[in-house]
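When the sequence shown is numbered by full-length UniProt numbering, its final residue is 1052 and no position is left out of the sequence of numbers.
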Amino acid sequence: MVDTTTFSNPFPGLRSYEYEDHSLFFGRDSHITELKNKLLDGRFLALIGSSGSGKSSLIKAGLIPSLERSGEDLERWAVMVFRPGASPVRNFVAAMKAYLRREDHSWESKDLAAVERDIIANPEYIFELFSVVKDKNILLVIDQFEEIFRYDFSKSFDFKRNTENPAFINLLLSLINQRNMPVHAVITMRSDYLDHCTEFKGLTEAINKGYYLLPKMNQEEIMEVITRPVETLGATIAPDVVSMLQRKIVDNPDFLPILQHVLMRMWERWKTTKSLATPISLVEYEAVGTMDNSITVHAEEIFTQKLDEKRRQGAEKLFKTLIVLGANDTPALHPTTLREIVKITGIPDYLLIDVVLVFRENGVSFLTPRPGIKIEPESIIDVSVEKILTLWSRCRLWIEQELESAKLYKQLSYSAFLYQDGRTGLWVNPELQMGLKWLKENEPTLEWAQRYDPYFERALNFLDYSKKQYDLEVRQKEDRQKRELRKARTFATILGASSLISLLFLIVALVLRTQAQQSEKNAQEKANQALEQRGRAEDQTKEAISQQKIAEQQGVIAMLQRVLTDRQREKAELAEKDALLQKAQADIAKGIAERQKLKADTATILANQAAASALAARNDAIVQKNEANKARTEAEISRNDAFRQRAKAVARFIAIQSFQMPATEELASLLALRAYQFNVNNGGEAENPDVFNALSKAAGAKSTYIGHNDIVRIITETKDNANILATAGDDGVVNLWNYLVPGSRATPLRYPKQTFKSIRSLTFMPNNNTLFVGTSNGQIIRWDKPSMGSLPTKTLIAHDGMVLRLHVRMDPAGPRLISISSVGQIRIWDISDNRMQVLHNIDLGIDVVASAISPDLKFIYLGSGAGKIVGLELDKLTGKAKEYDFNRLRGRLSALAISPDGKKIYMGTSSGTLYFTGIKDNSEIVINGLSGIQGGHTSGITKIAFTPDGSRMATSCYDWKIRIWNNTEDLSKQQPVVLNDFDNWVMDVRFSNDGKKLFACGADKTVRIWDINSRALFDEISKKVNRDLTSEEWDKYIGKDIPHDKLSITVR
1 MVDTTTFSNP FPGLRSYEYE DHSLFFGRDS HITELKNKLL DGRFLALIGS SGSGKSSLIK
61 AGLIPSLERS GEDLERWAVM VFRPGASPVR NFVAAMKAYL RREDHSWESK DLAAVERDII
121 ANPEYIFELF SVVKDKNILL VIDQFEEIFR YDFSKSFDFK RNTENPAFIN LLLSLINQRN
181 MPVHAVITMR SDYLDHCTEF KGLTEAINKG YYLLPKMNQE EIMEVITRPV ETLGATIAPD
241 VVSMLQRKIV DNPDFLPILQ HVLMRMWERW KTTKSLATPI SLVEYEAVGT MDNSITVHAE
301 EIFTQKLDEK RRQGAEKLFK TLIVLGANDT PALHPTTLRE IVKITGIPDY LLIDVVLVFR
361 ENGVSFLTPR PGIKIEPESI IDVSVEKILT LWSRCRLWIE QELESAKLYK QLSYSAFLYQ
421 DGRTGLWVNP ELQMGLKWLK ENEPTLEWAQ RYDPYFERAL NFLDYSKKQY DLEVRQKEDR
481 QKRELRKART FATILGASSL ISLLFLIVAL VLRTQAQQSE KNAQEKANQA LEQRGRAEDQ
541 TKEAISQQKI AEQQGVIAML QRVLTDRQRE KAELAEKDAL LQKAQADIAK GIAERQKLKA
601 DTATILANQA AASALAARND AIVQKNEANK ARTEAEISRN DAFRQRAKAV ARFIAIQSFQ
661 MPATEELASL LALRAYQFNV NNGGEAENPD VFNALSKAAG AKSTYIGHND IVRIITETKD
721 NANILATAGD DGVVNLWNYL VPGSRATPLR YPKQTFKSIR SLTFMPNNNT LFVGTSNGQI
781 IRWDKPSMGS LPTKTLIAHD GMVLRLHVRM DPAGPRLISI SSVGQIRIWD ISDNRMQVLH
841 NIDLGIDVVA SAISPDLKFI YLGSGAGKIV GLELDKLTGK AKEYDFNRLR GRLSALAISP
901 DGKKIYMGTS SGTLYFTGIK DNSEIVINGL SGIQGGHTSG ITKIAFTPDG SRMATSCYDW
961 KIRIWNNTED LSKQQPVVLN DFDNWVMDVR FSNDGKKLFA CGADKTVRIW DINSRALFDE
1021 ISKKVNRDLT SEEWDKYIGK DIPHDKLSIT VR
């Protein structure tokens, strides 16, 4: 039975130790002695240290009690402790009243404002006020002395112009320099504000005399801080917890407030669940979130459980207001009055006060002023420990958003200044789109803008004018494109007509060429006839000559036959004349033929030239027609591309509109359908995040199963589409769910003799008849035929540490179970015939935080938090392991996974960064090919999962989100689908065997299931709607420039 005695908490948490806590203040004895001696010797002590080093606690719970205990001469001390704030003299007077009214009752009626004015006017008046305690040593403790500079900077003027701060400094210096009254003073101040002290004459010299730089604590002192308060109340803390916390503080000495916060939370959890005899252990340490996440865990409990929606928005704006963009674009804490926060945020003061009250209450102490101080409009709201802003993951995201907003405003304001000066132009996309988005999402106020640049109206006018000019240019560009399209169409028509005319010229040229060729043929025939006649004439001439020779040879005969000869001669002469006539006629015919041939050749040349000209004209016409067609095609492509871009933008817009509507509205379903249709038909992303969210909400495609009483850490599914999920976690119960049956209740599997706290791994046999369970204390439990009320078949201690992973592999010799522990042990078990017998055992001796097994089940990879990955071949476990050192990861390694094709290994880290690199020959990791994706998750990645085909990947995280990636595209250039339904950490995620559903579980004790196929969601919604968008709805949400077509359910 647990002892329920109530113990007070010995740890203050984020606040400093007060005087009343001095009996629980340990670890600073040597420092207290040195401080006391320095104070008594010089009457002034300046304790300097970094933020969170414990300065305030050392003075209030260490030095002051030591002074009161130290007087053998019975010295008495009048101690006045205060923080200077924005009005140091006023706060000094208030501290005086709190003490002196016990000695002088007239202080009850004194006007503090009047006393303040009198002291500023006459600093000697202070000695008159102190006269009532002149027999005591007066100790002034000015805690957080840097507030003189910090809170003065929070006003919009130089601190040297403020008259109260110099008056207070002069008053302080006069008190510590005089020797008429025993006045001692102590200040605590952050070391990064030392430079500001030089602005006040005499202050630097005084600090140099009383300077004490707070040293780091050693191992023994840190141990006292952790153990002695616990032991004072009769309890103990486990040695391994002490050692772990010691290492954390040695590495980060400024984390003392975080250490106190963790110890306070561990005590609160321990005292409600354990007896006094049970030591505080790692169970409590992990339950509160460890040193790394305790702030986030605590802050999220407050944010989600104690604030409603309006006050959550108020908290976000409040914390953003406390941060400004400092030098070198780094965040700077900016304490701010409540009045100014109201003006900057536009949130009513009562809502902001509610937020401050919740975050400053005892046991929380995130904000100041501390509990018990009334919050007025002039009260300065500040963060108690600056590291809260970076350790709370949600607040860290707020800071990033605030800094990005401030950077964009400063850029916008500077561009407006340059434009006014004529040195730059108006904004265009993408800057213009970013500016308009910033203006819509942040709704900045004048008071906020004046933190960075007072010319807020000029910047907004510049942005508005840029938008108007951009819209005008878009309209002009559209008009110009329309004119160019009309011009291209006209030009194409003219070119078409020119082509027809050129074709006619070509036909005429071809006809003329044919006629010329025919004329040439006729002339050639006539020339041949002339040559033939000439030949006959020449033959006749030869005959005449032959006859003449015969006549001469027969002279005698000729003489005798003179008469006859004369007659023959006459005949011959006549024949010769006739031959010459025939020859002349032949020559004339030949000349005519040659002239006809020349004409034919000329006609042929002219015909060829005409044909060539016609062909060139035709070619020119074809080229011009092609260019016109090209211009028209380019114009069409440009117009279609512009329309597609417009349609995809409309798809995202109406998807967001649909998501913001109640899921029961039919209009939300119609807009989701149209968003998907526009996105797919116009080449958008297959799984656009905005469209998916709209479809998912409209289809009601997610289910939440509640059946666990603590964090759900692991989820697995039966093989071969049996549709059974098994989930388990810190309540030690395994729940079986039939996720295809809506509203089905879990079948719980409980172990009556449970000797473990948490379940960390699950796996089924391929036949689904056996379930194996791995626990946080190294046990493996076998459940054969698991059902309601069934008991485990076997339970054994299998490992020294947590069983992080279980996997069944079917070997030829029978089924084998692979188990991996957090201390680097790998064991392979023979699980055939209800056995659990170890076949192989190897101990790598490393702390394992994640593991992965190759898809072919031949290789196993174990990863440590420091980024070391060890690879082993499962069939050769005794062989040498391959080691890969990724020690340059951003954050500690927290998750491992191998893609289904076995070609890549993915790593998740505590910073939220996702890394991946190749695997060579399906076994060796490529060290030099590491790529990282930042800006996704904001905290530690807990699990990485893939669809069976590897096309999609899911990552779960401590930032309460799941991101779904398209693994077929460049991860660094895509916007993943983000699921943010969980109310706490997401511990595990996996896809269903068919890749259509996503399962996840988390620290909010739920199991959640989503349908993740957008096409299937589209089909599901299509069955529900009974109408299409009306014309009015179309014009309102989609626009008149897009034709109102009929909704199609056959989108591809």
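All C-beta atoms, glycine included, are put in the ideal place defined by N, C-alpha and C. Being a predicted model, the structure only gives us computed values, none of them experimental.
For a quick check, are the C-beta atoms of N165 and P257 less than 8 angstroms apart? Between N165 and P257, the CB-CB gap reaches or exceeds 8 angstroms.
Given that a residue counts as buried once 16 or more other Cβ atoms are within 10 Å of its Cβ, and exposed if not, what is I954? The identity of residue 954 in the sequence shown is Ala, whereas the question assumes Ile. It is buried - the Cβ of A954 has at least 16 other Cβ atoms within 10 Å.
So, for R782: in the same chain, excluding its five sequence neighbours on each side, which residues have a beta-carbon less than 7 angstroms away from its beta-carbon? Excluding positions up to five away in sequence, the list reads T770, F772, P792, T793, K794 and M836.
Where does L1047 sit, in a helix, a strand or coil, going by DSSP? Coil.
Check this for me: beta carbons of R827 and A850, under 8 angstroms apart or not? Contact annotation: R827 and A850 have beta-carbon atoms that are not nearer than 8 angstroms.
According to DSSP, is S499 helix, strand or coil? DSSP places S499 in helix when its eight states are reduced to three.
Report back the beta-carbon spacing between S1014 and N922 to the nearest angstrom; my notes put them in contact at under 8 angstroms. Actually they do not touch by this definition, with Cβ atoms about 32 angstroms apart.
Buried or exposed: N429, going by 16 or more other Cβ atoms within 10 Å of its Cβ? Exposed.
Is Q469 helix, strand or coil when you go by DSSP? Helix at Q469.
Grouping DSSP H, G and I as helix and E and B as strand, with all else coil, what is N137? In the structure shown, N137 adopts extended strand secondary structure according to DSSP, grouped into three states.
Taking just the CA atoms, how far does L245 sit from T775? Here the C-alpha atom of T775 lies approximately 25 angstroms from the C-alpha atom of L245.
Can you grab the Cα-Cα spacing for the pair S16 / D959, in whole Å? The alpha-carbon atoms of S16 and D959 are separated by roughly 29 angstroms.
On the three-state DSSP scale, how would you describe M96? Helix at M96.
Around the C-beta of H298, are 16 or more other C-beta atoms found within 10 angstroms, so that it is buried, or is it exposed? Buried, because 16 or more other Cβ atoms sit within 10 Å of the Cβ of H298.
Extent of the continuous beta strand (DSSP E) to which F26 belongs: That residue, F26, is in no beta strand (DSSP E); it is neither H nor E in DSSP.
Measure the C-alpha to C-alpha separation of M189 and S379 and round it to an integer number of angstroms. Each residue's alpha carbon lies about 21 angstroms from the other.
For G729 versus S703, is the C-beta distance shorter than 8 angstroms? With respect to S703, G729 sits apart: the two C-beta atoms are not nearer than 8 angstroms.
With DSSP collapsed to three states, give me the class of Q974. Here Q974 sits in coil by DSSP.
Check for me: the beta strand (DSSP E) holding F417 runs from which residue to which? Per DSSP, F417 belongs to no beta strand (DSSP E); it is in the alpha helix (DSSP H), S393 to Q420.
Let me check understanding here. Comparing Cα to Cα, which of P65, T33, S864 and I724 lies closest to S787? It is I724.
Do the segment 278-297 and the segment 312-324 meet, that is, are 3 or more Cβ pairs less than 8 angstroms apart? Contact between the segment 278-297 and the segment 312-324 is absent, because fewer than three Cβ pairs lie under 8 angstroms.
Go ahead and pull the three-state DSSP assignment for T4. For T4, the pLDDT reaches just 36, beneath the cut-off of 50, and the residue's location in the model is therefore unreliable, leaving the point undetermined.
Would you mind sorting D1004 into buried or exposed? The rule is 16 or more other CB atoms within 10 Å of its CB. By the neighbour-count criterion, in which 16 or more other beta carbons inside 10 Å mark a residue as buried, D1004 falls on the buried side.
In terms of residues, what are the limits of the beta strand (DSSP E) holding M953? That run of the beta strand (DSSP E) goes R952 to C957.
Does H31 pass the burial test, meaning 16 or more other C-beta atoms within 10 Å, or should it be called exposed? Buried, because 16 or more other Cβ atoms sit within 10 Å of the Cβ of H31.
DSSP puts P331 in a beta bridge; with which residues? For P331, which the question treats as bridged, DSSP gives the partners L325.
Measure from the alpha carbon of K973 to the alpha carbon of each residue in G936, S822, D453 and L463, then state which is nearest. Of the candidates G936, S822, D453 and L463, the one whose C-alpha sits nearest the C-alpha of K973 is G936.
Evaluate E685 with the Cβ neighbour count: other Cβ atoms within 10 Å of its Cβ, from every protein chain shown; 16 or more gives buried, anything less gives exposed. With 16 or more Cβ atoms within 10 Å of its Cβ, E685 is classed as buried.
Please report how far the alpha carbon of F153 lies from the alpha carbon of Q411, in whole angstroms. In this prediction, F153 has a pLDDT of 45, which is less than 50 and means its spatial position is unreliable; nothing more can be read from the coordinates.
When L872, T227, A852 and Q481 are compared against N841, the one with the closest alpha-carbon: Relative to the Cα of N841, the nearest Cα in the group L872, T227, A852 and Q481 belongs to L872.
Here's the rule: buried if 16 or more other CB atoms are within 10 angstroms of the residue's CB, otherwise exposed. What is R760? When all chains shown are included, R760 counts as buried.
Starting from V115, trace the alpha helix (DSSP H) in both directions and tell me its first and last residue. For V115, the enclosing alpha helix (DSSP H) begins and ends at L112 to A121.
By Cβ distance below 8 angstroms, which residues in the same chain neighbour F859 in space, the five residues on each side in sequence not counted? Correct list, in chain order: I853, G871, L872, E873, L874, N922 and S923.
G902, DSSP secondary structure in three states: G902 falls in the coil class under three-state DSSP.
Do L1017 and A655 have their C-beta atoms closer together than 8 angstroms? Result no, Cβ atoms of L1017 and A655 do not sit closer than 8 angstroms.
Under the three-state DSSP convention, the category V848 falls into: DSSP places V848 in coil when its eight states are reduced to three.
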